[in-house]
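Q: Structure below; questions to follow.
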Amino acid sequence: MANGSATAEAPPPPMAKRDPVSHTLTCKTDQSVKQVTVSIRDAMVFLVGGAGDQERYYVDGPNHNVDYVRDMVDADIEALEIQKSCTTLPLGYNSFMSEEDLERNVIRKIPSCNTAIYIIGHSLGGWNGAHLSAILTERGFKIKLLVTLDPVGHGKIVYGISKIYRQVPKPKAQYWVNIRAAAVDWNLSDLVADFGEQWEISEGPNVMGRLDINHADANSMYAHALPGGKSARQIVAESIFNWIKG
Numbered sequence: 034m035a036n037g038s039a040t041a042e043a044p045p046p047p048m049a050k051r052d053p054v055s056h057t058l059t060c061k062t063d064q065s066v067k068q069v070t071v072s073i074r075d076a077m078v079f080l081v082g083g084a085g086d087q088e089r090y091y092v093d094g095p096n097h098n099v100d101y102v103r104d105m106v107d108a109d110i111e112a113l114e115i116q117k118s119c120t121t122l123p124l125g126y127n128s129f130m131s132e133e134d135l136e137r138n139v140i141r142k143i144p145s146c147n148t149a150i151y152i153i154g155h156s157l158g159g160w161n162g163a164h165l166s167a168i169l170t171e172r173g174f175k176i177k178l179l180v181t182l183d184p185v186g187h188g189k190i191v192y193g194i195s196k197i198y199r200q201v202p203k204p205k206a207q208y209w210v211n212i213r214a215a216a217v218d219w220n221l222s223d224l225v226a227d228f229g230e231q232w233e234i235s236e237g238p239n240v241m242g243r244l245d246i247n248h249a250d251a252n253s254m255y256a257h258a259l260p261g262g263k264s265a266r267q268i269v270a271e272s273i274f275n276w277i278k279g
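Count the sequence shown with this note's numbering and you get residues 34 to 279, in order.
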């Protein structure tokens, strides 16, 4: 489904790089000790799409809704001049369900255990992305920030026809932003989200917003101001910048 364009606030100025240092890093999944060269802190952003986002879902898609969000994340990274220190990667909501897929599509993409990980999930990708935050945390990775954009997955029917985790997610992240789409004028995407049953979250996130935006418009949700005055886009950009500058 087509998404509207959104403009976010200018990110802060870039920070000067630090001199390289040697550092020893280990993960729970790798018991050997490795010497690596760390020039500056790095970050990785996983953008998890919903049904029909990165691949066809029955008769719909791919719609690439999270790719519009990724464009904004990449624009902020470029404006901050930290392209060499922050990578973005889109994922399908079902691309890490098996151990093999998790290893190939996610874990192998993460530079090191010291990499700060950001997860932005939309629709079914918000539901599974929340699960991914807990899975990676248990494996020793650092989840700096989780953003769930109108997460969906509560319905028994959608579970029966979609490759999602059945249990309600128990996210593990240092900071969590959740946004609930509650458009006054519904479109087809809102009907689909209602069919899949939106995840009604009452506690847990550090920031929660309920917006008059249609379910498909992930980029608008990401760029819209939330309680406290900042958008998810601002919160993510500031967090990445503050992490990398050390």
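Cβ coordinates follow ideal geometry from the N, Cα and C atoms, glycine included.
Quick check on F274: buried or exposed, where buried means 16 or more other Cβ atoms within 10 Å of its Cβ?
A: Here F274 is buried, its C-beta having at least 16 other C-beta atoms within 10 Å.
Q: Using CA atoms only, rank isn't needed, just tell me which of I176, K263, K189 is closest to I212.
A: K263
Q: Residue ranges of each alpha helix (DSSP H) run of no fewer than 4 residues wholly in the stretch 215-258, ordered along the chain?
A: 221-229, 251-256
Q: Can we say the stretch 79-88 touches the stretch 118-126, given the rule of at least three CB pairs closer than 8 Å?
A: A contact between stretches requires three or more CB pairs, one per stretch, nearer than 8 Å, and the stretch 79-88 meets this requirement with the stretch 118-126.
Q: Would DSSP call V102 helix, strand or coil?
A: V102 falls in the helix class under three-state DSSP.
Q: Are there any heavy atoms of the ligand ATP lying less than 7 Å away from the beta-carbon of N138, as far as the coordinates show?
A: With respect to the ligand ATP, the structure offers nothing, as it holds no ligand at all.
Q: Which residues share a DSSP beta bridge with M77?
A: T120, I150
Q: Would you identify the three-state DSSP class for I212, choosing helix, strand or coil?
A: strand
Q: Roughly how many whole angstroms lie between the Cα atoms of Q200 and L169?
A: 17 Å
Q: Please classify L259: is it buried, with 16 or more other beta-carbons within 10 angstroms of its beta-carbon, or exposed?
A: buried
Q: What separation, rounded to the nearest whole angstrom, lies between the Cα atoms of G173 and A149?
A: So the alpha carbons of these two residues sit roughly 11 Å apart.
Q: Pairs of beta-carbons, one from the stretch 239-257 and one from the stretch 207-223, closer than 8 Å: are there three or more?
A: yes
Q: Within the continuous alpha helix (DSSP H) that includes I176, where are the two ends?
A: It is not in any alpha helix (DSSP H) - I176 instead sits in the beta strand (DSSP E) that spans 175-182.
Q: Starting from A270, trace the alpha helix (DSSP H) in both directions and tell me its first and last residue.
A: 265-278
Q: What's the C-alpha gap between P184 and A214?
A: 9 Å
Q: Go through its chain and collect everything with a Cβ distance to D134's Cβ below 7 Å, but skip five positions before and after it.
A: Only residues of its own chain outside the window of five on either side were considered, and among them S128 have a CB closer than 7 Å to the CB of D134, listed in chain order.
Q: Is the beta carbon of N252 closer than 8 Å to that of V210?
A: Contact flag unset, no.
Q: Quick one: is K189 buried, meaning 16 or more other Cβ sit within 10 Å of its Cβ, or exposed?
A: Residue environment for K189: exposed (fewer than 16 other C-beta atoms within 10 angstroms of its C-beta).
Q: Determine the burial state of R266: buried for a count of at least 16 other Cβ atoms within 10 Å of its Cβ, exposed for fewer.
A: buried
Q: What residue from M130, K205, H187 has the CA that sits closest to A167's CA?
A: K205
Q: For G162, which residues in the same chain have their Cβ closer than 6 Å to its Cβ, ignoring the five residues on either side in sequence?
A: V81, I152, G154
Q: Helix, strand or coil: how does DSSP classify H155 here?
A: Correct three-state label for H155: strand.
Q: Count the other CB atoms within 10 Å of the CB of F79; is the residue buried (16 or more) or exposed (fewer)?
A: buried
Q: For V185, which beta-bridge partners are listed by DSSP?
A: Q231
Q: Take the Cβ of S55 as the centre, count every other Cβ of all protein chains shown within 10 Å, and call the residue buried at 16 or more, exposed below.
A: Its pLDDT being 39, under 50, S55 is placed unreliably in this model, and the value from its coordinates should be taken loosely. The residue is exposed, with fewer than 16 neighbouring Cβ atoms inside 10 Å.
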